[in-house]
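Asker: Quick one: the structure is below, and I'll ask about it shortly.
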Amino acid sequence: MTLNEIINPANLVYSKTKVMNDTPMHYCPGCSHGVVHKLIAEVIEEMNVQEKTIGIAPVGCAVFAYKYLDIDWQQAAHGRAPALATAVIRLLPDRLVFTYQGDGDLAAIGTAETIHAANRGENIAIIFINNGIYGMTGGQMAPTTLEGMKTSTSPNGRKIELNGNPLNMTDLLARLPGTCYVTRQSVHNVANVRKTKKAIRLAFENALAHKGTSVVEVVSTCNSGWKMTPADANTWMVDNMFPEYPLGDIKNL
Amino acid sequence: MAKIKGAVVIDEEHCKGCNLCVVACPSNVLALNKEANSKGYNYSYMDNPDECVGCAACAYVCPDACITVYKVRV
Amino acid sequence: MEEVRLMKGNEAIAHAAIRCGCDGYFGYPITPQSEIMETLMELEPWNSTGMVVLQAESETSSINMVYGAAGCGKRAMTSSSSPGVSLMQEGISYIAGAELPCVIVNVMRGGPGLGTIQPSQADYFQAVKGGGHGDYHMIVLAPNSVQEMADHLCLAFDLAFKYLTPAMILADGVIGQMMEKVVLPPFRPRLTEKEISEKYPWATLGKPQTRNPNIINSLRLESDEMEELNLLLQKRYAQIEQNEVLYETFLCEDAEYLIVAFGTSSRVSKKAVELARAEGIKVGLLRPITLFPFPKIPISQLANQVKGMLTVEMNAGQMIEDVRLAVNGRVSVEFFGRMGGIVPSPDDVLDALKTKIVN
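Chains as they are written, first to last, in our numbering: chain C, 389 to 641; chain L, 51 to 124; chain A, 286 to 644.
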């Protein structure tokens, strides 16, 4: 059988979801953002909710998320996405509203907005990309940067006595009565990509069912910021990030 | 016993040559091309097409959604 | 027959919000305006009109909730007082940049810093010159009565949606706290989602197959696109200056001197004009009702008539700069004001008029 015989619409098993458009993504080669964008788009298509989804984009590398998924978007000020999402879901309670936030957005400047939205139990899904570094501004230290991890603002490694401890926001959010589903996932291999997709789907279903706030942390790589190849970054993440940010469901009511 | 034959089509212009699909492929089908696309990336291609079983592992991990996968039982 | 009611300015804002079809109020308590949210919570409009009222965790969050609601084409508002409005400046800049309509009420108190809870007009610069970063303006209305608190809220929403820009009601602690009679505006129904999608096709209500995604955004990474947005905004501000100037005059026809004052200062100044007239001093009062757009033309015209002008403000002299720009050196423009939450008396104003202008 020739390649041309195999490459036939009848034999199609995987193709890009229609919810993603053809705009080339601005992310660095190998960036986890692209995979998570794709999973969100696939879930939106599979749930048939493109017409009722409103995404809230952050400030950070994912600031341009609105360019790639063909849904309505609002682009928030840095850290304020959960405040926007709160108003949108309160005024349009039958919509699917999600925020997409990085670790600077969610765990630093938007800590208050994130905690209070989750504590109110807003019926939204929060997708949290945690790569332990500020990608967009060029690799500065994040609240989630690991102890000893080198960044451009911790060039000799994060020191607890100087910079404080890595902030585990997802564990904090799981303690709030307003959250119904809090999970930590990754997208570094096929099995985990599938698990993350399931998690996003459950988070979106919870939001539509008005069960409260769902949080899906995706422990991610920033190979440019970490100064590694994408494959090495995945290995480094498994060895170093996962012990601090272990994968799995933290809360699922 | 039926054998599974697969094939992938890579959007060469969207591929950034990150190599994650090459690492993810369980059958060592993919490699990065010596040729670069218009953006200068050494895009992924089927170096070993006979081994492809259409498992779509490459497509799942592709950050740029540029892999389409086909599979047929022969 | 119109129903006349007695209430505080802050309460009038709350009643007017429900009546003018407001979809959402998001706020954080601060003196001297907390009665706005308290009244809304008491009235429970979610049971009548469906209006959402939410106490946020901060003014930062409040203004960003307003952004989110406004992005859906909803009539959204917040209220605060000076320190809280400072905290909102980031969000207001984003709202201006994203071309979103909304209403912000600032019941001013004395500053800087935590300042005082007593009334002040010290946020004039912040309100009319931008406040946050970037080249933008808000429409700024300056009520001087409880009736205008109610009326201006509806007007502010109409103007905000007409020009896709934030509009501010710049009141002060006196107007917010004093009780006066008021005729509340008639009920206007909230817009349905269908009406919103027809009137405001940019609103993010969810993307039907029939249109491209709507994106609410102030980011323009390319310089030419950023300049293009700025040119559009400036064009709108020019239209606002052309079309929407509001002011009131009192005894200006034969005036040899002019007082310019807004809000609470204008009430004090009106009494001072009466006292001066009783002494034979021909003085008139011009009260800007819109602070942006500023009534440059009527002030400029009066500069050809009067011998001198006095601005009366509860600050260190802020609006005087705009009056002087309008007058452009043709007559002397002097300032009288009190700070720190002190409201000047009509006699103080009369004395200032005599010593600074008439002599």
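Heads up, the beta-carbon is just placed ideally off N, CA and C, and yes, glycines get one too.
Using a Cβ-Cβ cut-off of less than 7 Å, give me the residues of the segment 403-417 of chain C that come near chain L, in sequence order.
Answerer: Listed by position, the residues of the segment 403-417 of chain C near chain L (Cβ gap below 7 Å) are Ser403, Lys404, Met408, Pro412, Met413, Tyr415 and Pro417.
Asker: Chain C partners of Cys75 (chain L), CB-CB under 7 Å?
Answerer: Reading the second sequence from its first residue, position 25 is the one you call residue 75 (chain L). Correct list: empty, because the minimum Cβ distance to chain C is about 10 Å.
Asker: If you count every other CB in all the chains shown that lies within 10 Å of the CB of Asn502 (chain A), and 16 or more means buried, which is it?
Answerer: Here the question's residue 502 (chain A) lines up with position 217 in the third sequence. Label assigned to Asn502 (chain A): buried.
Asker: Return the CA-CA distance between Arg473 (chain A) and Gly306 (chain A), expressed in angstroms with no decimal places.
Answerer: Stepping through the third sequence from its first residue, residue 473 (chain A) is reached at position 188. Stepping through the third sequence from its first residue, residue 306 (chain A) is reached at position 21. One C-alpha to the other measures close to 5 Å.
Asker: Does the distance from the CB of Ala591 (chain C) to the CB of Val607 (chain C) come in under 7 Å?
Answerer: Counting from 1 along the first sequence, the entry for residue 591 (chain C) is found at position 203. Counting from 1 along the first sequence, the entry for residue 607 (chain C) is found at position 219. Cβ distance not < 7 Å, so Ala591 (chain C) and Val607 (chain C) don't count as in contact.
Asker: Would you kindly work out how many angstroms separate the C-alpha atoms of Gln573 (chain C) and Ile481 (chain A), rounded to a whole number?
Answerer: Mapped onto the first sequence, residue 573 (chain C) falls at position 185. Mapped onto the third sequence, residue 481 (chain A) falls at position 196. Approximately 39 Å, taken between the alpha carbons.
Asker: Based on the DSSP secondary-structure assignment, which residues constitute the bridge partners of Gln489 (chain C)?
Answerer: Here the question's residue 489 (chain C) lines up with position 101 in the first sequence. Note: Gln489 (chain C) sits in a beta bridge opposite C:Phe516.
Asker: 7 Å is my cut-off, CB to CB: does Met629 (chain C) come that close to chain D?
Answerer: You won't find chain D in this structure, because its protein chains are C, L and A.
Asker: Run down chain C in chain order and give the residues with a C-beta less than 7 Å from the C-beta of Tyr352 (chain A).
Answerer: Taking the first residue of the third sequence as position 1, residue 352 (chain A) is located at position 67. Simply Leu472.
Asker: Residues of the segment 77-88 of chain L with a CB closer than 7 Å to any CB of chain C: list them in chain order, please.
Answerer: Those would be none; no residue qualifies.
Asker: From the beta carbon of Ile501 (chain A), is the nearest beta carbon of chain C less than 7 Å away?
Answerer: Looking up residue 501 (chain A) in the third sequence gives position 216. Closer than 7 Å: yes.
Asker: Do the segment 565-585 of chain C and the segment 448-460 of chain C meet, that is, are 3 or more Cβ pairs less than 8 Å apart?
Answerer: The answer is no - the segment 448-460 of chain C does not touch the segment 565-585 of chain C, with fewer than three Cβ pairs under 8 Å.
Asker: Excluding the five sequence neighbours on either side, which residues of its own chain have a C-beta within less than 7 Å of the C-beta of Tyr456 (chain C), listed in chain order?
Answerer: Here residue 456 (chain C) refers to the residue found at position 68 of the first sequence. Cβ within range, chain order: Met408, Asn409, Thr411, Met413 and His425.
Asker: I want to see whether chain A comes within less than 7 Å of Glu439 (chain C), judged by CB atoms only; does it?
Answerer: Here residue 439 (chain C) refers to the residue found at position 51 when the first sequence is read from its first residue. By this cut-off, Glu439 (chain C) is an interface position.
Asker: Mapping the DSSP letters down to three states, classify Phe620 (chain A) as helix, strand or coil.
Answerer: The residue you call residue 620 (chain A) lines up with position 335 of the third sequence. Looking at Phe620 (chain A) - three-state DSSP - the assignment turns out to be strand.
Asker: Contact defined as beta carbons within less than 8 Å: I believe Ala435 (chain A) pairs with Ala301 (chain A). What is the distance between those atoms, to the nearest angstrom?
Answerer: Start at 1 with the first residue of the third sequence, and residue 435 (chain A) comes out as number 150. Start at 1 with the first residue of the third sequence, and residue 301 (chain A) comes out as number 16. Confirmed, Cβ separation roughly 4 Å.
Asker: My guess is that Val599 (chain A) and Val628 (chain A) are in contact by the Cβ rule of under 8 Å, so how many angstroms apart are they, rounded?
Answerer: Residue numbering aside, residue 599 (chain A) sits at position 314 when the third sequence is read from its first letter. Residue numbering aside, residue 628 (chain A) sits at position 343 when the third sequence is read from its first letter. Looking at the sequence provided, one finds Met at residue 599 (chain A) rather than Val. Confirmed, about 6 Å.
Asker: Examine chain L for any beta-carbon lying closer than 7 Å to the beta-carbon of Met389 (chain C), and answer yes or no.
Answerer: In the first sequence, counting from the first residue as 1, residue 389 (chain C) sits at position 1. Chain L contact via Cβ: present.
Asker: Taking Cβ positions, are Ile315 (chain A) and Ser365 (chain A) nearer each other than 7 Å?
Answerer: Residue numbering aside, residue 315 (chain A) sits at position 30 when the third sequence is read from its first letter. Residue numbering aside, residue 365 (chain A) sits at position 80 when the third sequence is read from its first letter. Yes. Within cutoff.
Asker: Using a Cβ-Cβ cut-off of 7 Å, state whether Leu479 (chain C) counts as contacting chain A.
Answerer: Residue 479 (chain C) sits at position 91 when you count from the first residue of the first sequence. So, interface residue.
Asker: Using a cut-off of 7 Å between C-beta atoms, extract the partners of Phe618 (chain C) located in chain L.
Answerer: Here residue 618 (chain C) refers to the residue found at position 230 of the first sequence. It should be pointed out that residue 618 (chain C) corresponds to Pro in this sequence rather than to Phe. Per Cβ cutoff of 7 Å: Cys68, Asn69 and Leu70.
Asker: Using a Cβ cut-off of 9 Å, pull out every chain L residue sitting near Ser420 (chain C), in sequence order please.
Answerer: For the purposes of this step, residue 420 (chain C) is taken as residue 32 along the first sequence, with counting starting at 1. By Cβ distance, chain L contributes Pro113.
Asker: Distance check for Ala619 (chain C) and Glu63 (chain L), CA to CA, integer angstroms please.
Answerer: Residue 63 (chain L) sits at position 13 when you count from the first residue of the second sequence. Residue 619 (chain C) sits at position 231 when you count from the first residue of the first sequence. Rounded to the nearest angstrom, the two C-alpha atoms are 21 Å apart.
Asker: For a test of the three-state rule: what should DSSP assign to Pro573 (chain A), helix, strand or coil?
Answerer: On the third sequence, position 288 is the one that residue 573 (chain A) refers to. Strand, per DSSP.
Asker: Would the beta-carbon of Ala106 (chain L) fall within 7 Å of that of Val119 (chain L)?
Answerer: Stepping through the second sequence from its first residue, residue 106 (chain L) is reached at position 56. Stepping through the second sequence from its first residue, residue 119 (chain L) is reached at position 69. Yes.
Asker: Identify every residue that forms a DSSP beta bridge with Trp461 (chain C).
Answerer: Taking the first sequence and counting its residues from 1, one reaches residue 461 (chain C) at position 73. For Trp461 (chain C), which the question treats as bridged, DSSP gives the partners C:Gly443 and A:Ile500.
Asker: Please tell me whether Tyr95 (chain L) has its Cβ less than 7 Å away from any Cβ of chain C.
Answerer: By one-based count along the second sequence, residue 95 (chain L) stands at place 45. No, Tyr95 (chain L) lies away from the interface with chain C (no Cβ there is under 7 Å from its Cβ).
Asker: Return no unless some Cβ of chain C is closer than 7 Å to the Cβ of Asp509 (chain A).
Answerer: Here the question's residue 509 (chain A) lines up with position 224 in the third sequence. Not closer than 7 Å to any Cβ of chain C, the Cβ of Asp509 (chain A) fails to qualify, so no.
Asker: Taking the runs of the alpha helix (DSSP H) that are 4 residues or longer, which of them lie wholly in the segment 572-606 of chain A?
Answerer: Entirely contained in the segment 572-606 of chain A, the alpha helix (DSSP H) runs reaching 4 residues are, in chain order, 581-588.
Asker: Could you check whether the Cβ of Lys426 (chain C) sits closer than 7 Å to any Cβ belonging to chain L?
Answerer: On the first sequence, residue 426 (chain C) is found 38 positions in, with the first residue counted as 1. Answer yes: the Cβ-Cβ gap between Lys426 (chain C) and chain L drops below 7 Å somewhere.
Asker: Cβ of Val390 (chain A) within 7 Å of Cβ of Phe577 (chain A)?
Answerer: The residue given as residue 390 (chain A) occupies position 105 in the third sequence. The residue given as residue 577 (chain A) occupies position 292 in the third sequence. Not closer than 7 Å, so no.
Asker: Sorted by chain position, which residues of the same chain lie with C-beta nearer than 7 Å to Thr532 (chain C)'s C-beta, five sequence neighbours on each side aside?
Answerer: Taking the first sequence and counting its residues from 1, the one referred to as residue 532 (chain C) is at position 144. Result list for Thr532 (chain C): Asp491, Ala495, Asn518, Gly520, Pro554 and Leu555, in chain order.
Asker: Quick one, which residues of the segment 445-467 of chain C are near chain A if we go by CB-CB under 9 Å, in chain order?
Answerer: Within the segment 445-467 of chain C, the qualifying residues are Ala445, Val447, Val451, Phe452, Tyr454, Lys455, Leu457, Asp458, Ile459, Asp460, Trp461, Gln462, Gln463, Ala464, Ala465, His466 and Gly467.
Asker: Helix, strand or coil for Pro330 (chain A)? Go by DSSP, reduced to three states.
Answerer: For the purposes of this step, residue 330 (chain A) is taken as residue 45 along the third sequence, with counting starting at 1. Helix.
Asker: For Phe516 (chain C), tell me which candidate among C:Leu550, C:Ala469, C:Gly509 and C:Thr541 has the shortest Cα-Cα distance.
Answerer: The count along the first sequence starts at 1 and reaches residue 516 (chain C) at position 128. Ranking the options by Cα distance to Phe516 (chain C), first place goes to C:Ala469.
Asker: I'd like the ranges of any alpha helix (DSSP H) spanning at least 4 consecutive residues and lying wholly in the segment 453-501 of chain A.
Answerer: Taking only runs of at least 4 residues, the alpha helix (DSSP H) segments lying wholly in the segment 453-501 of chain A are 458-462 and 478-484.
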